[in-house]
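Taking it in order: structure first as structure tokens, then the write-up.
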Amino acid sequence: MKHALVLLSALFVAGSLAAPAAASSCFTVEGQSYCYAWSAKDASMMKTEYVRSGETVDHWKRMVTILQYNDVHTLEGATAKYMAVVRPYMDANARPQWVTPKNPKHAGEAATRLLLSSPDGSDVEYVVVYFFSDPGKPAYVIAFSQRVPLPNDEIPTMAQYGAWLNDLRAIVPANVER
């Protein structure tokens, strides 16, 4: 299964993160560089995927995806649109837990973590998803996806989830080449 969120293109995104000052095709998450790998857009949205060196959008262990919803300007609209696409990849009993970051940088911000799986269960990913919106501007989704099993069979702690969320909040989509 290509990254579960690739369906969005048919319907027409612990360590420190250094967001570049000028447009760049790479940024750092957990001390590793993620670089531009693929993008698609139409009038309603743009989707861009970033992978580590040696990985591709078809063969990856970790990936960052940025979605820009040009036709959505609210947090509620962005979460609804994203969740409508990924819901088929979630367990029927899954109930995402939502958090609102402290000290918001945007008018609307929320985050969750999801476990997504292909219908046959052969492809599973753990995803930390950050949503944000500002009045009159496109809403954004930034997702950090990791193939399961995670490295060293780790089980992410709440502290790790918080660190990844902080990394995602530091990405400034306008500063990353798409």
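Under my numbering, the first residue of the sequence shown carries the number 125, and numbering increases by one thereafter.
Quick reminder that beta carbons are idealized off the backbone N, C-alpha and C, glycines included.
Residue environment, residue i, which counts as buried when at least 16 other CB atoms sit within 10 Å
| i | result |
| --- | --- |
| Thr203 | buried |
| Val210 | buried |
| Ala263 | buried |
| Ser246 | exposed |
| Val272 | exposed |
| Thr298 | The amino acid at residue 298 is misidentified as Thr; the sequence shows Ala. So Ala298 counts as exposed. |
| Ala146 | Only weak support is given to the placement of Ala146: the predicted model assigns it a pLDDT of 42, under 50, and the value that follows is read from those uncertain coordinates. Per the 10 Å Cβ criterion, exposed. |
| Asp182 | exposed |
| Arg219 | exposed |
| Trp222 | exposed |
Reference residue i, options the options, closest by Cα
| i | options | result |
| --- | --- | --- |
| Ala67 | Val196, Met207, Thr198 and Glu200 | No answer is possible for residue 67: the residues shown for the chain start at 125 and end at 302. |
| Thr224 | Ala216, Glu233 and Ala218 | Glu233 |
| Gln192 | Ser257, Val153, Asn276 and Pro243 | Ser257 |
| Ser149 | Ser168, Trp184, Met169 and Thr189 | Thr189 |
| Thr180 | Asn290, Ser163 and Ile279 | Ser163 |
| Glu154 | Ile295, Pro273 and Asn299 | Ile295 |
| Asp166 | Ser157, Leu239, Asn194 and Asp182 | Asn194 |
| Pro275 | Val300, Ala235, Arg293 and Trp184 | Trp184 |
| Ala161 | Ala235, Glu200, Thr172 and Lys226 | Thr172 |
| Ser177 | His197, Glu200, Thr152 and Met169 | Thr152 |
| Gly201 | Ala283, Met282, Lys261 and Leu292 | Lys261 |
| Ala216 | Leu239, Asp277, Lys226 and Gln284 | Leu239 |
| Arg186 | Ser241, Glu249 and Ser242 | Glu249 |
| Thr198 | Lys226, Met214 and His230 | His230 |
Per-residue DSSP class, three states only, for residue i
| i | result |
| --- | --- |
| Ala161 | strand |
| Ala146 | With a pLDDT of 42 at Ala146, under the threshold of 50, the predicted position of this residue should be treated as unreliable, and no value is reported. |
Residue span of the beta strand (DSSP E) that contains residue i, given as start and end
| i | result |
| --- | --- |
| Glu173 | Met169 to Arg176 |
| Val153 | Cys150 to Val153 |
Residue span of the alpha helix (DSSP H) that contains residue i, given as start and end
| i | result |
| --- | --- |
| Asp291 | Met282 to Ala294 |
Original post:
What are the start and end residues of each continuous beta strand (DSSP E) run of 3 or more residues lying completely inside the region 189-275, in chain order?
Top reply: 232-241, 248-257 and 263-271
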